[in-house]
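Just so it is clear: in the sequence shown, position 1 is -17 by the numbering used here, and no numbers are missing.
Structure, as structure tokens:
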Amino acid sequence: MGIQIIRSSDSIAANIAEGYGRYSPADRKRFYRYARGSFEETKAWLRKAIRRGVISSENDIEQFARLVDDLGPKLNAFINTTG
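The following block contains the structure:
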């Protein structure tokens, strides 16, 4: 499960980077949307880890919740402002 969280979260940054390197706005937006999909996958893995007790520290759970609450709207705004 831990490796899945790492892979999906790494994929967020990788897709943003790949999209940034594309020439057409449509290509960029497509990869940014892939990043959003990876973000949703990461959230799902984190939820499973919390439910299964893999992540149980209240401090860790609060940190993840803040990151998720912060990143989601920023990622959506980024996608929406891409030409």
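Glycine included, each C-beta is placed from N, C-alpha and C at the ideal position.
From a predicted model like this one, the values you see are computed outputs, not experimental measurements.
Helix or strand or just coil, what does DSSP make of TYR16? helix
By a C-beta neighbour count over all protein chains shown, 10 Å radius and 16 as the cutoff for buried, is ARG10 buried or exposed? buried
Quick check on GLY3: does DSSP put it in helix, strand or coil? coil
Give the range of the alpha helix (DSSP H) segment to which ARG48 is assigned. 40 to 62
Assign ALA31 to one of two classes, buried (16 or more other C-beta atoms within 10 Å of its C-beta) or exposed (fewer than that). By the 10 Å Cβ count, ALA31 comes out buried.
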